[in-house]
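Visitor:
Protein chains: 4
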Amino acid sequence: MFKHIGLVGKHRVPEVLETLDKLITYLQAHRVSVTVDPDNAHLLSTADIKSADLPTMGRKCDLVIIVGGDGTFLRAASTLVEYEVRLLGIHMGRVGFLTDLTPPRMCVQLDQVLAGDFTQEERFLLHTTIMREGEALSEVDALNDIVAHNANIARLIEFETYINGQLVSCQRSDGLIVSTPTGSTAYALAGGGPILHPGLDAIVLVPICPNTLSSRPIVVDGDSEIEIVIGPRSPTRAQLASDGQITLNLEPGDRILIHKKRKHLHLIHPPGHDYFATLRQKLDWNREL
Amino acid sequence: MFKHIGLVGKHRVPEVLETLDKLITYLQAHRVSVTVDPDNAHLLSTADIKSADLPTMGRKCDLVIIVGGDGTFLRAASTLVEYEVRLLGIHMGRVGFLTDLTPPRMCVQLDQVLAGDFTQEERFLLHTTIMREGEALSEVDALNDIVAHNANIARLIEFETYINGQLVSCQRSDGLIVSTPTGSTAYALAGGGPILHPGLDAIVLVPICPNTLSSRPIVVDGDSEIEIVIGPRSPTRAQLASDGQITLNLEPGDRILIHKKRKHLHLIHPPGHDYFATLRQKLDWNREL
Amino acid sequence: MFKHIGLVGKHRVPEVLETLDKLITYLQAHRVSVTVDPDNAHLLSTADIKSADLPTMGRKCDLVIIVGGDGTFLRAASTLVEYEVRLLGIHMGRVGFLTDLTPPRMCVQLDQVLAGDFTQEERFLLHTTIMREGEALSEVDALNDIVAHNANIARLIEFETYINGQLVSCQRSDGLIVSTPTGSTAYALAGGGPILHPGLDAIVLVPICPNTLSSRPIVVDGDSEIEIVIGPRSPTRAQLASDGQITLNLEPGDRILIHKKRKHLHLIHPPGHDYFATLRQKLDWNREL
Amino acid sequence: MFKHIGLVGKHRVPEVLETLDKLITYLQAHRVSVTVDPDNAHLLSTADIKSADLPTMGRKCDLVIIVGGDGTFLRAASTLVEYEVRLLGIHMGRVGFLTDLTPPRMCVQLDQVLAGDFTQEERFLLHTTIMREGEALSEVDALNDIVAHNANIARLIEFETYINGQLVSCQRSDGLIVSTPTGSTAYALAGGGPILHPGLDAIVLVPICPNTLSSRPIVVDGDSEIEIVIGPRSPTRAQLASDGQITLNLEPGDRILIHKKRKHLHLIHPPGHDYFATLRQKLDWNREL
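Protein chains in written order, with our numbering: chain A, -18 to 270; chain U, -18 to 270; chain X, -18 to 270; chain H, -18 to 270.
#1: Given this structure, state the Cα-to-Cα distance separating Thr83 (chain U) from Gly253 (chain A), to the nearest angstrom.
#2: Rounding to the nearest angstrom, what Cα-Cα distance links Lys242 (chain X) and Asp98 (chain X) in this structure?
#3: Rounded to whole angstroms, how far is the Cβ of Gly212 (chain A) from the Cβ of Cys190 (chain H), which I believe are closer than 8 Å?
#4: Interface residues of chain A around Ala135 (chain H) at Cβ under 7 Å?
#5: Could you work out which residues of chain A lie near Arg197 (chain X), taking near to mean beta carbons separated by less than 9 Å?
#6: Please determine if the segment 153 to 167 of chain H and the segment 116 to 130 of chain X are in contact, where contact requires at least 3 C-beta pairs separated by less than 8 Å.
#7: Any chance the segment 186 to 202 of chain A sits against the segment 93 to 108 of chain H, with 3 or more Cβ pairs inside 8 Å?
#8: If contact means a Cβ-Cβ distance below 9 Å, which residues of the segment 34 to 65 of chain U contact chain X?
#9: Compare the Cα-Cα distances from Glu114 (chain U) to each of U:Ile144, U:Ile237, U:Ala22, U:Leu260 and report the closest residue.
#10: Does the beta-carbon of Arg56 (chain X) have 16 or more other beta-carbons within 10 angstroms, so that it is buried, or is it exposed?
#11: What span of residues does the beta strand (DSSP E) with Gly156 (chain X) cover, start to end?
#12: Helix, strand or coil for Gly115 (chain H)? Go by DSSP, reduced to three states.
#13: Using three-state DSSP, classify Ile227 (chain A) as helix, strand or coil.
#14: Could you tell me whether any Cβ in chain D is nearer than 8 Å to the Cβ of His130 (chain H)?
#15: Going by the beta-carbon positions, is the gap between Tyr256 (chain X) and Pro179 (chain X) smaller than 8 Å?
#16: Since Ile184 (chain A) and Ser160 (chain A) should fall inside the 8 Å C-beta cutoff, what is the C-beta to C-beta distance between them, to a whole number of angstroms?
#17: Would Ala171 (chain H) pass as an interface residue toward chain A - the criterion being a Cβ-Cβ separation below 8 Å?
#18: In this structure, what does DSSP give as the bridge partners for Gly(-10) (chain A)?
#19: Report yes if the CB atom of Ser195 (chain H) is closer than 8 Å to the CB atom of Leu194 (chain U), and no otherwise.
#20: Give, in chain order, every residue of the segment 237 to 263 of chain A whose Cβ lies closer than 9 Å to some Cβ of chain U.
#21: Less than 8 Å separating the beta-carbons of His11 (chain U) and Leu95 (chain U)?
#22: Which value, in whole angstroms, describes the spacing of the CA atoms of Arg214 (chain X) and Asn192 (chain X)?
#23: Please list the terminal residues of the continuous alpha helix (DSSP H) segment that includes Phe257 (chain U).
#24: What in chain A is Cβ-close to Ile271 (chain H), meaning under 7 Å?
#25: Is it buried or exposed, Asn230 (chain U), if we count other Cβ atoms within 10 angstroms and call 16 or more buried?
#26: At a Cβ threshold of 8 Å, is Pro265 (chain H) touching chain A?
#27: Which of helix, strand or coil does DSSP assign to Val62 (chain H)?
#28: Which same chain residues, not among the five before or five after Lys87 (chain H), have their C-beta less than 7 Å away from its C-beta?
#29: Identify the residues that DSSP records as bridge partners of Ile207 (chain U): which are they?
#30: Grouping DSSP H, G and I as helix and E and B as strand, with all else coil, what is Glu232 (chain U)?
#31: Bridge partners of Leu177 (chain X), per DSSP?
#32: CA-CA distance, Gly225 (chain U) and Arg136 (chain X)?
#33: Residues in the same chain with beta-carbon distance under 6 Å from Leu246 (chain H), minus the five sequence neighbours each way, listed in chain order, please.
#34: When the cut-off is 8 Å and only beta carbons count, does Arg(-5) (chain U) lie next to chain A?
#35: For a contact meaning CB atoms closer than 9 Å, what does Leu148 (chain U) contact in chain A?
#36: Kindly give me the distance between the Cβ atoms of Thr259 (chain H) and Phe78 (chain H), rounded to whole angstroms, as I take these residues to be in contact under 8 Å.
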């Protein structure tokens, strides 16, 4: 099924290196060609392992296994998505939403995956363009969320939100979270948003501490064109974050254009993957009072 | 465009009768054949007007205009959906979510609609089957929502929820709201749910006063098969409501199967219809503190 | 310290009987006179044990130990509060908010309590009078909460709320929870209310599924006079529950007068009692995503 | 009743100057000695008006009238509280929570106040001391709230909260709002907190976007000693704001000690003041869906 597999690991974590060594031994025994990310390759016990950066890996491999947590997965995925390679995540601690294998069970589950016994799930990203004075200032992709936030905790930002050119609202708040279903269990959840099933083709807008009682998260179709316009009277110190990484400082009048990225992420799960079980396990979903 | 138009009005409301009379004069002047619902027909000032029940109207008309509020629209629509006839709503007070014409502007807007200048929107309904001991006990359609609720305010009901056969949660609460995007601005909103844009193909599940801190509304794909199983230890006095009408008493072990109805509602709007404007007007959406 | 101790147990639970037997042996060994509630007395292994109903127990004992869960405690406390006797709770499962001893540790903790090493906490109750056509129809005491709720899930009730004679709001909703700090971790929490520390002299009003976006729980001084007036247009089928027991059917125009009961509950804790620890343990308070 | 009245106005606002001029004419006609804040005094049309800074005004006047909005009131009050002088607020736009007179009605209402016909309300402030390595680094008073917040929107802060020395929770979030009843209708409300009646002797702790599903605002007695300890692993860029003004940058290990200030604010209202009416007017409290 898979002939060339890339391995990407969280940096400077002994348990990750150990897991990478085990994976190499396991995969080489299954006659799979293995490539490891440059930061980990030279730290491995295994000798003579090929190393490649993410773009090369994306082009050459038919599967990339990411070892770490959901954060490691997010960062690697934002590059690998360009190459449409399949991805599989191994979590070091408890199971993650994106990384649903764990070291104790990974060999049994990889036996299944290598035998072609797996499910594939498509996850979409948000492509964002920031426009300033008519020019595209910056572009960025996010698997979880795009957040416009005040940089000064004591000053609200003011912005208008449009869906497909229609005004949704003019709001003063600490900010706005625009989240994919993948991101709905991350920061959007902390902000009071609903959970969106990962198979849903939808985007949720969650206001952060809005200066109104009559606001609610709103869920729109995944094909919507979302535009956030920072108000002219808004304080200048607003910021944009993509998947939890600050991207740039926003200025009054900046327009943030968000739509679904054309290329999707191809996420692989071993058989028996159960999203709701992960939800119950990770979020203690519906634990009784 | 439309040759045969049916008129349905809220009963026993003088303003509705007055509006129906005006509509008949207007439509007859435009050489449209008009039929009125039996409850209102004999109360009109207009003489010799044809009357027909909803199923006949659904079969014979190419448009039905519903005069009243969202409640009147809901009740008429649940019958008319079977005939795939287009629907248009006129609201007596402020604009409604389903009834977006108002008497002062209706003639101008109907000029446009009769000239073919309108937008059409598809709204889906939820088809629900209640299974008891392996038999289908009852079936019902809802445009807004299906609600399973305790009948005794002092006793929680206990139920399991499944999506496409996968367990979502086992919950004790006052009940569960299963809502369409259309219903997301009705009872689901009062229960703390998000707003779903009416163009979204999704269903939201909103728990009512759940006996847990770790619960949230969850939004799933519109093609999901939803199953609620009333727990065997749950008090017997649970009830099912469809669009705010109590349908039947539930018993422990009852299974409530919910999926999207195959036939959709065809909702007509005059040009310039703006969902978010209605949202801001009706909900005072994002009014400043 | 305590010469006469009463024992009250949840009925028909083998583990409770077992715990009662152990308590009797323990207390008699400490030369304490023991009385048991009539429902459990004749089921005990211990011979010749005195039995008394709750009022008698309240008058004669200087401490009553309640064995069961928070529900058992609530029911016994509503009678015993009249006699100003001290109360101590033993929980059969995990620790409860009112019943913070558990059988494995109870003897060690009772050693401390009998030696006078304990803390005493005052908890207040809500006294409610229902007025109909100028007459007091019924009176009831609640340690947790008073709930006015629609009896028909498909019909909102309409009511006005007054604090010290000032109109707070006119609301249409499924109902209203008026809760003590003790009740703030019970139904009020499920309804979205804040947690009130048990030492706080305050009452919280939590609307249930209000038909508005602009509503919030409101916390008022414990000495407030609260009045709920069921609206004249409200459906007749509204109900009043006190501590989760339905008390009576409400009619349009009924006035529900609520204020703090003069007599308080005297709740005893062994040393080291930690409310926030109970909160974290029971509610999984602040468990990480 | 009042012989020496001070006037404080929002700066550089023509309507405020106009109102100050009217007040001076009105007060001098009532034989009251008037003092104006230095920033406005030299801009007035009235000649020969005495000017004094806030501390002097606090010492010499028996009433200070603040003209502007709630923000102007907050800033003046934080200085004037030290002198225990009575305060009255005039709002330029719609009524405010602290500034409940408006120019059109102010003369009628001042007639009443000068005749001794008013109510006086005590509002408490939070006194905060920031401790670093055992030393008091800074002290500040807040009438609304004290907020500890991450300075980097992409990094959660980690902190422990203690009430009277007992651990409440260890939390990772964007921050924590500690609010008085006065502040409960300001930022704490945007963060999802309950409304606390201004007469309530309580403090509410509202988490901002907590990284957990099982968190809620918690209301504690006004005499509680609150301590927030910034976690040693928390990012260094956390900030403290007092009444919406950033006060200082927090570092890991910093301890924030909060308790009620001994001196209270003495707020004057003309007769007929109705807190709940302001709530309904300002928040659109319980506006129907």
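Backbone N, C-alpha and C fix where the C-beta goes; we use that ideal spot for every residue, glycine too.
Guide: Judging by the given coordinates:
#1: Cα to Cα, the separation comes out at about 54 Å.
#2: 28 Å
#3: Contact flag wrong, Cβ pair sits at about 22 Å.
#4: Ala222, Gly225, Gln226, Ile227
#5: Leu194
#6: no
#7: No, the segment 186 to 202 of chain A does not touch the segment 93 to 108 of chain H.
#8: none
#9: Checked all of U:Ile144, U:Ile237, U:Ala22, U:Leu260; the closest Cα to Glu114 (chain U) is U:Ile237.
#10: buried
#11: Unbroken beta strand (DSSP E) run through Gly156 (chain X): 156 to 160.
#12: DSSP places Gly115 (chain H) in coil when its eight states are reduced to three.
#13: Three-state result, Ile227 (chain A): strand.
#14: You won't find chain D in this structure, because its protein chains are A, U, X and H.
#15: Note that the C-beta distance between Tyr256 (chain X) and Pro179 (chain X) is below 8 Å.
#16: 7 Å
#17: yes
#18: A:Val48
#19: yes
#20: Interface annotation for the segment 237 to 263 of chain A against chain U: Asp255, Tyr256, Phe257, Ala258, Leu260, Arg261, criterion Cβ-Cβ distance under 9 Å.
#21: yes
#22: 16 Å
#23: 256 to 264
#24: The requested residue 271 (chain H) is not part of the displayed model; chain H covers only -18 to 270.
#25: exposed
#26: Here residue 265 (chain H) turns out to be Asp, not Pro, going by the sequence shown. Interface residue, yes.
#27: Collapsing the DSSP output to three states places Val62 (chain H) in a helix.
#28: According to the sequence provided, residue 87 (chain H) is Met. The question's Lys does not apply to it. For Met87 (chain H), where only same-chain residues beyond five positions count, the Cβ hits under 7 Å are Ile71.
#29: U:Ile144, U:Ile239
#30: coil
#31: H:Val200
#32: 8 Å
#33: Ala58, Val62, Arg104
#34: Just to set this straight, residue -5 (chain U) is Pro in the shown sequence, not Arg. Taking Cβ atoms only, chain A never reaches closer than 8 Å to Pro(-5) (chain U), which makes this a no.
#35: Asp255, Phe257, Ala258, Arg261
#36: 6 Å
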